[in-house]
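Engineer: Numbering (this note's numbering), first residue to last: 424 to 681.
Even for Gly, the Cβ is constructed at its ideal location relative to N, Cα and C.
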């Protein structure tokens, strides 16, 4: 299992927490919204991030996702989805980001009767973006409203590219999956690239600290270990307190003798 821990932060909040990241030497997963990409120049973003780059911090990037869909039946939506993902390219290169996380945009209420069409269109979008991204960069498809792993598995099996894989989001699994963890990991464990680590009580996407909700963390980490893969681990808590709780949990889990 990966021993490098990243902490997720939206770019719009970075200024408030940047000094803490620098003081603790924390690796960063930066979320850029469409508005961030529209309203901030590349130079402004680089100037904001320069102290972290100069300090040698590691980065992953979470792509914009609101209203985007790589498998949309509307070609204009697919076009803007690809455009938003391509807008990240200068930032990927500047930060030497290791991973870009993307949302698949699939939900069974809208696409339940169009699974094959959605999958084929999303496949073409992913192949397009992986051809344009630099050869070091991984692309991780995150589970969102998925009731089971099969849509993402089918998509990733068809992409069949070593730089495209799965981001397993624990909180989303707790809320939306109707499939047990063993089945999920049997299906997607071979594709695992990244973990989004946060907790909830099963009633809303609360992004609580690890251990503060209902997630079976011992089971989850056992299954991650069983894959033999080394996914990037990203704390996706929505408060500083929950992020620190999660950091402490992971340090004890990964380095029990320290």
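Just list the alpha helix (DSSP H) runs in the stretch 608–654, keeping only unbroken ones of 4 residues or longer that don't cross its boundaries, in chain order.
Structural biologist: 640–650
Engineer: Take residue 500 and list the residues in its own chain whose beta-carbon comes closer than 6 Å to its own, dropping the five residues that flank it on each side.
Structural biologist: 492
Engineer: Tell me the rounded alpha-carbon separation between residue 614 and residue 566.
Structural biologist: Cα to Cα, the separation comes out at about 12 Å.
Engineer: Looking only at its chain, what residues have a beta carbon closer than 8 Å to the beta carbon of residue 628, apart from the 5 residues adjacent to it on each side?
Structural biologist: Within the same chain, 594, 595, 598 come within 8 Å of residue 628 by CB-CB distance, once the 5 residues on both sides are set aside.
Engineer: Of all the beta strand (DSSP E) runs that stay within the bounds of the stretch 538–618, which reach a length of 3 or more residues?
Structural biologist: 561–565, 587–592
Engineer: Enumerate in chain order the residues of its own chain whose CB-to-CB distance from residue 428 is below 6 Å, with the five nearest sequence positions on each side excluded.
Structural biologist: Around residue 428, the same chain offers 656, 673 as residues with beta carbons nearer than 6 Å, after the five sequence neighbours per side are excluded.
Engineer: Of all the options 547, 482, 496, 495, which has the alpha carbon lying nearest to the alpha carbon of residue 455?
Structural biologist: 482
Engineer: Could you compute how far the alpha carbon of residue 557 sits from the alpha carbon of residue 521?
Structural biologist: Approximately 10 Å between the Cα atoms of the pair.
Engineer: Go ahead and label residue 489 buried or exposed: buried means 16 or more other beta carbons lie within 10 angstroms of its beta carbon, across all protein chains shown.
Structural biologist: exposed
Engineer: If we count the other Cβ atoms within 10 Å of its Cβ and call it buried at 16 or more, is residue 382 buried or exposed?
Structural biologist: Since the first and last residues shown for the chain are 424 and 681, residue 382 lies out of range.
Engineer: Which class does residue 444 belong to by DSSP, given the choice of helix, strand or coil?
Structural biologist: helix
Engineer: Comparing alpha-carbon positions, which option in 676, 667, 677 lies nearest residue 447?
Structural biologist: 667
Engineer: Please state whether DSSP places residue 487 in a helix, a strand or coil.
Structural biologist: coil
Engineer: Could you tell me whether the stretch 562–582 touches the stretch 510–520, where touching means 3 or more Cβ pairs closer than 8 Å?
Structural biologist: no
Engineer: For residue 532, count neighbouring Cβ atoms within 10 angstroms of its own Cβ and tell me buried if that reaches 16, exposed if not.
Structural biologist: A residue is called buried when at least 16 other Cβ atoms come within 10 angstroms of its Cβ; residue 532 does not meet this threshold and is exposed.
Engineer: Could you check which residue in 467, 504, 477 has the C-alpha nearest to that of residue 457?
Structural biologist: 504
Engineer: Is the stretch 435–445 close to the stretch 464–478, with three or more CB pairs under 8 Å?
Structural biologist: yes
Engineer: Using a threshold of 7 Å, state whether the C-beta atoms of residue 631 and residue 622 are closer than that.
Structural biologist: Their beta carbons are under 7 Å apart, which means residue 631 touches residue 622 by this criterion.
Engineer: Is it the case that the Cβ atoms of residue 572 and residue 611 are separated by a distance below 7 Å?
Structural biologist: Going by C-beta atoms, residue 572 is nearer than 7 Å to residue 611.
Engineer: Taking the straight line between their C-alpha atoms, what separation do you get for residue 581 and residue 592?
Structural biologist: 21 Å
Engineer: Ends of the beta strand (DSSP E) at residue 458?
Structural biologist: Careful: residue 458 lies outside any beta strand (DSSP E), inside the alpha helix (DSSP H) at 457–462.
Engineer: I'd like the ranges of any alpha helix (DSSP H) spanning at least 4 consecutive residues and lying wholly in the stretch 493–526.
Structural biologist: 498–510, 512–518
Engineer: For residue 487, is the classification buried or exposed, using 16 other Cβ atoms within 10 angstroms of its Cβ as the cut-off for buried?
Structural biologist: buried
Engineer: Comparing alpha-carbon positions, which option in 644, 660, 654, 653 lies nearest residue 676?
Structural biologist: 644
Engineer: Could you check the C-alpha separation between residue 475 and residue 445 for me, to the nearest Å?
Structural biologist: 7 Å
Engineer: Quick one: using the 10 Å Cβ neighbour count with 16 as the cut-off for buried, is residue 536 buried or exposed?
Structural biologist: exposed
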